[in-house]
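The sequence shown lines up with residues 12 to 385 when you count with my numbering. Every residue, glycine too, gets a C-beta built ideally from N, C-alpha and C. Note that this is a predicted model, so its numbers are computed, not measured.
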Amino acid sequence: MPYFTTQFGNAASRTHALGRAAGLAVERAREQVAGLIHAQPGEVVFTSGATESNNLALKGALDFYRTKGSHVVTVATEHPAVLDVLRALERDGRARVTVLPVRPDGLLDLDVLRSALTPETVLVSVMAANNEIGVLQPVLEIGRLCHEKGVLFHTDAAQACGKIPLDVDAMAIDLLSVSAHKLYGPKGVGALYVRKRHPRVRLTPQIDGGGHENGLRSGTLPVPLIVGFGEACAIAEKEAPEEANRLLGLRERLRKLIFEAFDHVRLNGSLERRLPGNLNVSFEYVEGESLILGMADVAVSSGSACASAKLEPSHVLHALGLSEPLARSSIRFGLGRFNTEGDIDQAFALLKREVLRLREISPLYSMARPDGIR
Ligand SMILES: *Cc1c(COP(=O)(O)O)cnc(C)c1O
């Protein structure tokens with residue numbers, strides 16, 4: 012709050028005490044963000060969020076290293092903030108993009124990745140945790156493979172950061188995108204981690220101007236947002252291990268309730284390699300959108316929040332090999348810090364009411380139901 016009102020200095024103004032106080036607050040936040048991912052503060056560039064971080068990482072690396080090559084490798088289940096950036100680069104002739112398939116459990120096969128790398132490959136971009144199905148990609152193995160081949164490794168960690176342990180050195184990550192609001196910080200701020208040593212990663216800035224953030228991202232820093240982001244990271248670092256256990260307990264409670272109550276349900280994505288707070292389930296013979304409308308008191312979604320305006324079935328579920336009806340019958344539960352056991356039971360009660368109601372009026376379900384009642 013003080014940084015919105017009384018501590019109103021510009022962090023770039025070093026000539027007066029007000030500016031220096033703001034600058035110190037930003038540097039403290041930079042340490043807090045760096046601490047959460049085991050980076051050095053000087054490797055953290057503040058941005059407006061993971062969308063911008065992904066743009067800077069991908070466009071910045073492909074621009075800077077264009078004399079080395081223009082090949083980039085990614086996977087089909089990435090967020091649009093990666094896939095659409097790469098499509099735009101390809102359209103402009105600035106990149107040649109290989110989009111790898113995933114296994115039916117949503118995970119990338121390392122042998123598939125290895126055989127996609129060429130001497131032309133500049134960058135591999137694979138997300139740490141998926142935003143729809145929560146699956147955790149083998150980031151450590153991908154990082155090692157990339158370093159062995161001299162290829163840069165970018166990971167979109169918007170979903171993973173603050174939820175599961177991340178260590179940019181141990182995991183050989185060169186570029187990592189974060190968004191503050193995904194870990195209880197304010198909206199409109201995020202960061203890109205840019206490795207400084209072993210190897211030193213260079214990027215061409217995508218926003219030019221006053222030279223803020225070591226010239227990588229110009230524009231006056233939003234001090235209150237950055238301070239909130241730093242504090243959110245400090246809290247996540249302290250509480251994440253215990254919170255992950257609590258969320259896993261809640262998630263498993265919900266999953267068991269669902270799988271005991273219904274036939275023709277399907278878990279989307281690996282159960283073992285998954286964010287503790289994510290559950291994505293398809294209820295056959297039920298339209299996901301109808302289900303969601305019927306349980307309006309519960310903030311659930313089908314597919315991703317970013318694509319739900321499009322009403323197209325999820326590209327992530329499609330990549331897992333789900334048929335269109337099955338993809339359309341999916342819903343995603345995201346459990347978080349403020350959820351309780353009571354919330355789970357309440358959500359399940361509403362879910363049960365709606366699934367039973369919608370299947371009751373489904374002619375296809377009456378033919379498929381295991382008890383044979385028509
Ligand atoms: C939310 C999200 C983004 C985009 O974050 P913004 O804050 O909207 O920029 C990018 N990637 C993933 C995986 C996300 O979950």
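Under the rule that 16 or more other beta-carbon atoms within 10 Å means buried, what is residue i, buried or exposed?
i: aspartate 308; result: exposed
i: histidine 193; result: A quick correction: the sequence has lysine, not histidine, at residue 193. The residue in question, lysine 193, is buried, as its Cβ has 16 or more Cβ neighbours within 10 Å.
i: phenylalanine 57; result: buried
i: asparagine 256; result: exposed
i: glutamate 63; result: buried
i: histidine 27; result: exposed
i: lysine 267; result: exposed
i: isoleucine 372; result: exposed
i: arginine 370; result: buried
i: leucine 375; result: exposed
i: leucine 177; result: buried
i: glutamate 283; result: exposed
i: leucine 337; result: buried
i: leucine 67; result: buried
i: glutamate 89; result: buried
For residue i versus residue j, is the C-beta distance shorter than 7 Å?
i: proline 235; j: phenylalanine 15; result: yes
i: serine 281; j: leucine 121; result: no
i: leucine 333; j: proline 115; result: no
i: valine 135; j: valine 162; result: yes
i: valine 110; j: alanine 87; result: yes
i: glutamate 365; j: glycine 299; result: no
i: serine 340; j: glutamate 295; result: yes
Taking the alpha carbon of residue i as the reference point, which residue from the options has its own alpha carbon closest?
i: proline 386; options: Ser293, Thr351 and Phe344; result: There is no way to answer for residue 386, as the model of the chain reaches only from 12 to 385.
i: alanine 168; options: His158, Glu159, Val146 and Lys160; result: Val146
i: glycine 53; options: Glu224, Ala251 and Ala183; result: Glu224
i: tyrosine 204; options: Leu69, Ser126, His329 and His275; result: Leu69
i: asparagine 279; options: Val327, Arg262 and Lys249; result: Val327
i: glutamate 242; options: Gly20, Gly201 and Arg206; result: Gly201
i: arginine 380; options: Leu268, Val276 and Ser301; result: Val276
i: valine 9; options: Glu250, Tyr376, Glu295 and Leu187; result: Residue 9 cannot be examined here, being either before or after the span of the chain that is shown, 12 to 385.
i: isoleucine 144; options: Glu352, Glu365, Ala272 and Pro287; result: Pro287
i: leucine 259; options: Ser229, Ser373, Ala61 and Arg285; result: Arg285
i: asparagine 21; options: Ser59, Thr231, Glu298 and Gly46; result: Thr231
i: proline 91; options: Lys249, Asn142, Pro336 and Gly222; result: Asn142
i: isoleucine 269; options: Leu361, Ala247 and Gly221; result: Leu361
i: valine 297; options: Glu335, Ala32 and Val113; result: Glu335
i: histidine 329; options: Val113, Gly104 and Glu131; result: Val113
i: lysine 160; options: Ser301, Val189 and Arg125; result: Arg125
i: methionine 12; options: Gly104, Pro233 and Asp95; result: Pro233
Can you find the residues in the same chain that come closer than 8 Å, C-beta to C-beta, to residue i, ignoring five residues on each side of it along the sequence?
i: leucine 265; result: Leu290, Phe344, Leu346, Ile355, Ala358 and Phe359
i: isoleucine 303; result: Val311, Ser312, Ser313 and Ile342
i: valine 93; result: Asn65, Leu69, Thr85, Ser136, Met138 and Asp167
i: glycine 71; result: Leu214, Thr215, Pro216, Gln217 and Leu227
i: glutamate 152; result: Leu121
i: glycine 46; result: Cys244, Ala245 and Glu248
i: glycine 220; result: Ser229 and Gly230
i: glycine 222; result: Ser229
Excluding the 5 residues preceding and the 5 following residue i in the sequence, name in chain order all residues of the same chain whose CB lies nearer than 6 Å to its CB.
i: glycine 154; result: Phe164, Met182, Ala183 and Ile184
i: arginine 206; result: Asp185 and Val212
i: alanine 50; result: Val179 and Tyr204
i: aspartate 274; result: Pro381
i: valine 123; result: Leu111
i: serine 190; result: Gly60, Ala61, Ala169 and Gly201
i: arginine 208; result: none
i: alanine 32; result: Gln18 and Gly20
Could you give the C-beta distance for residue i and residue j, rounded to a whole number, given that I count them as a contact under 8 Å?
i: proline 210; j: glycine 226; result: Contact flag wrong, Cβ pair sits at about 19 Å.
i: valine 133; j: tyrosine 76; result: 5 Å
i: cysteine 244; j: valine 44; result: 5 Å
i: isoleucine 48; j: cysteine 172; result: 7 Å
i: glutamate 254; j: arginine 348; result: 7 Å
i: lysine 174; j: alanine 61; result: So it is not a contact: roughly 14 Å between Cβ atoms.
Grab me the residues of residue i's own chain with a C-beta within less than 7 Å of its C-beta, minus the 5 sequence neighbours each way, in chain order.
i: alanine 106; result: Leu73, Ser81, Val83, Leu97 and Leu100
i: glutamate 391; result: Since the displayed the chain opens at 12 and closes at 385, residue 391 lies outside it and no answer follows.
i: threonine 129; result: His82
i: serine 24; result: Gly30
i: glutamine 148; result: Leu118, Leu119, Val137, Met138 and Ala139
i: alanine 40; result: Ile237, Val238, Phe240 and Gly241
i: serine 59; result: Gly199, Val200 and Gly201
i: leucine 1; result: Nothing can be reported for residue 1: it is not among the residues displayed for the chain, which extend from 12 to 385.
i: leucine 35; result: none
i: leucine 79; result: Note on residue identity: the sequence assigns lysine, not leucine, to residue 79. Cβ neighbours of lysine 79 beyond the five flanking positions: Val133.
i: serine 301; result: Leu369
Can you find a CB in chain B that lies within less than 7 Å of the CB of residue i?
i: arginine 228; result: The structure shown contains no chain B; it holds only a single protein chain.
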